[in-house]
Structures are given as C-alpha cells and as structure tokens.
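Enquirer: For reference, the structure I am asking about is given below.
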Amino acid sequence: MRRYLALMAVFILVQGVILGVLIWLDTPSDYYLAASVDKSRRLDEAPSPRVVFVGGSSLAFGLNSGVVAEELDGAYHPVNMGLHAGMGLEFELNMARCGIKQGDIVVLSPEYEQLWSDILSDTTVVRILAYHPGAISQVPSWKVGEVLFRAFKDGPSMLARDLAAMQYYGVRNTLVDWVRKALGRGSVSKVGEDVGYHRSTFNEYGDQTAAWEVAGSYRPTAGERTARSLSDERMQNALDAIRLFIDSCHALGVQVVYAYPPVLDTEYEVDKPAIEETAQLLEFALGIAFLNRPSEEVYPASSFYDTAHHLAGMAVQERSQRLGASLAQLLVVSTSPGR
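The numbers in the sequence shown follow this note's numbering, run straight up by one, and end at 1365.
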C-alpha cells in the first residue's frame, strides 16, 4: 500500500510539474479556449451598464457586439461570454453570475443541445482551467471531482497535444504565406481547419471575428437524421439552473432576457416539434422577456461557417442588428411611464 501511495505521489508530482511548466510558458497563448481569461476580464472591467450575452460558441461566432451597441445608442457596453457549448450550461451561468453588476442586462442564448442533454465536457473544462485556474470555483459542484481527476490524469498530455498542434499550424501557415507571396498572391493568415479557433481572433467585446468576412462553407452531412426527443429530467434540470440564475440576477438588480440561438434550416425542420416544445416550456417557466422566436433564427447552410451553430458573413451582422433592435425596443417599453 505504501509503495502504491508513493508511486501515486510521484506520478501526481511529475504531472503537476509538467502542467506548471506548460502554464508558465503560456503556450499556446493563442489557443481558442484561453479566450475565457479575456472574457472574464472584460466582464470584470467593462463599465456599467453592460449587456452580457451568455451561451456557447453560437454566440462567440454569431454576434457582432458593436452592431448591438449601435442599436442601443451606446447606452450599454456589450460583453460576449459565449465560448464553447462543452462548458455546459451551469458552468456558463456560474461564470456570468460572478461578474454581473447592478444595472446590467443579461441575454441568455444557449444552444438547444445544452437544454436537451448534459454536454459538459471534462476535456473542454480542463483546457479552460489550464489558462483560467480560478474558474474552478464556477465548475458545478457535482462535476468538480471528475474535472480535477481528469486534470491530474490527462491535463499535461492534452496541453502538450495543443502545443504541438499550434506549432504545426504556425509552421504551415508561415510556409503557405511564403509560397503565396512568391507567387504574387498576397499573404493569408491562419489557413485550414484552425481558422477562427484562436484567442487572437476575438475582438475586445469577446466576439469571434474570423468568419465575419468569409462566405459560409458549411456542408451538412447527407442522409436523414432522427428527430430529437426531449428528456424531461434534463430539461427540468436546465430550467432549474436558469431559474436559479434569474433569481440571483434579480436580487442584484440585473434584468435577464432570452434569445433563441441560430439553427440550420434542415435541422429545424427535423427538430421543430422538440424546438417548439422547448420554447413553450421556457416561456411558461421563466417569466422573462424573449427577444425573438425560434422560427426567426433559421438559416440556410450558406449562412454557416463550419458547423450548424457558427454563423458567418452577413448572417452575423443581420442577427446582431435584430437582437440589438429587439433589446432597444424592450428597453423603451420597460422604461415607459406607468411601467
């Protein structure tokens, strides 16, 4: 037993040293999930009042906060906390709860999958914690043990793989740029599968800008897909988490509203019954304003960047304008005499 404990202690020590060295090197500092540090800092430092968007990567890619700010006449400073659906709904809500302030408006816009199933990924959370260790306090209590175990077991190797991948892309992009310049075709930055998955391509609001100037290139997989069915237990858990978040916001003098996420048109047709049932449950249970309808956020494949969640090009600007206009109208109504 002593030998086993001694070996375990050595193993943990070695893993900890490797993890510490990788974090100290801050490499790859341009890794996509490292943007969680910048988003939390923005939430802490942006002047009040703020409009805080909470959700997954459909918000990261699908929002131009500058357009929203213009629609609100600059009265609110946007903070886009959207990053990755694999964080799970509760982790996202907890991170937002830690930084919101009196007078803020929170716009909830999680992907439907976050309501329908538990998609919190240990891998995603461990990678975030490598750059943002303080966020461990926002990991749901029922998940902390599993996350810490995964961090000790696989954290260093995951970060090493990330480092290798980033180094590969860095070398490849340098060579591609050199060839293009030699051929007189100009330079390109970040080509291939890694486009958009960089910390440096987020703007000061927390928007992922890499796909704003490109045409949608998403190609849905061929073949029929079975319609999703709701899990009563999971949906109830999601509703409970959102209600708890809303109550804590109201106690701080923070208004909460909801915006449905973008959906691919072919997926909407298949999942329409589940989506409409979800909308009914949300609107009945939450008692807050909704900025749009599910049917208003349906887009063709040509509007998506690389997945059925990430908008590209003009679709980002159009969605942002609609959300900003809806928010502006809501604020006019809520501040009208007699309200």
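The C-beta atom is built at its ideal place from N, Cα and C for all residues, glycine as well.
Which same chain residues, not among the five before or five after residue 1292, have their C-beta less than 7 Å away from its C-beta?
Expert: Cβ neighbours of residue 1292 beyond the five flanking positions: 1246.
Enquirer: When you compare only the Cα positions, how much space is there between residue 1262 and residue 1307?
Expert: Distance between the alpha carbons of residue 1262 and residue 1307: 9 Å.
Enquirer: Determine, using beta carbons only, whether residue 1239 comes closer than 8 Å to chain C.
Expert: Although the question refers to chain C, the structure presented lacks it and comprises just one protein chain.
Enquirer: Between which two residues does the beta strand (DSSP E) holding residue 1063 run?
Expert: No beta strand (DSSP E) contains residue 1063, which is instead part of the alpha helix (DSSP H) from 1061-1071.
Enquirer: If you drop the 5 nearest sequence neighbours on each side, which residues of the same chain put their C-beta closer than 7 Å to that of residue 1397?
Expert: The requested residue 1397 is not part of the displayed model; the chain covers only 1027 to 1365.
Enquirer: Given this structure, state the Cα-to-Cα distance separating residue 1171 from residue 1117, to the nearest angstrom.
Expert: Spanning the two alpha carbons is a distance of roughly 14 Å.
Enquirer: DSSP state of residue 1104, grouped into three classes?
Expert: Looking at residue 1104 - three-state DSSP - the assignment turns out to be strand.
Enquirer: Taking only the alpha-carbon atoms, compute the straight-line gap between residue 1052 and residue 1156 and give it to the nearest angstrom.
Expert: Interpretation of residue 1052 is limited by its pLDDT of 46, a score under 50 that renders its predicted location unreliable; the figure taken from the coordinates is listed afterwards. Cα-Cα distance, rounded: 9 Å.
Enquirer: Give me the Cβ distance between residue 1134 and residue 1301, rounded to the nearest whole Å; I'm assuming they're in contact under 8 Å.
Expert: The Cβ separation is near 16 Å, so there is no contact.
Enquirer: Work out the CA separation of residue 1093 and residue 1353 for me, nearest whole Å.
Expert: Answer to the nearest angstrom: the Cα atoms are 12 Å apart.
Enquirer: Expressed to the nearest angstrom, what Euclidean distance is found between the alpha-carbon atoms of residue 1275 and residue 1120?
Expert: Straight-line Cα distance between these residues: approximately 11 Å.
Enquirer: Tell me, to the nearest whole angstrom, how far the beta carbon of residue 1108 is from that of residue 1082; I am working on the premise that it is less than 8 Å.
Expert: The Cβ separation is near 6 Å, so the contact holds.
Enquirer: To which residues of the same chain is residue 1165 closer than 7 Å at the C-beta, ignoring the five residues directly before and after it?
Expert: For residue 1165, where only same-chain residues beyond five positions count, the Cβ hits under 7 Å are 1117, 1151 and 1173.
Enquirer: Just list the residues that DSSP pairs residue 1375 with in beta bridges.
Expert: Any question about residue 1375 goes unanswered here, given that the chain covers just 1027 to 1365.
Enquirer: Report the rounded CA-to-CA distance for residue 1138 versus residue 1349, giving the unit in angstroms.
Expert: Near 18 Å, if we compare the C-alpha coordinates of residue 1349 and residue 1138.
Enquirer: Would you call the CB atoms of residue 1256 and residue 1303 closer than 8 Å?
Expert: Yes, the Cβ-Cβ distance between residue 1256 and residue 1303 is below 8 Å.
Enquirer: So, using beta-carbon positions, are residue 1142 and residue 1260 closer together than 8 Å?
Expert: In this structure, residue 1260 lies closer than 8 Å to residue 1142 by Cβ.
Enquirer: What does the alpha-carbon distance come out to for the pair residue 1103 and residue 1162?
Expert: Taking the straight line joining both Cα atoms gives about 27 Å.
Enquirer: What is the DSSP secondary structure of residue 1173, reduced to helix, strand or coil?
Expert: Looking at residue 1173 - three-state DSSP - the assignment turns out to be helix.
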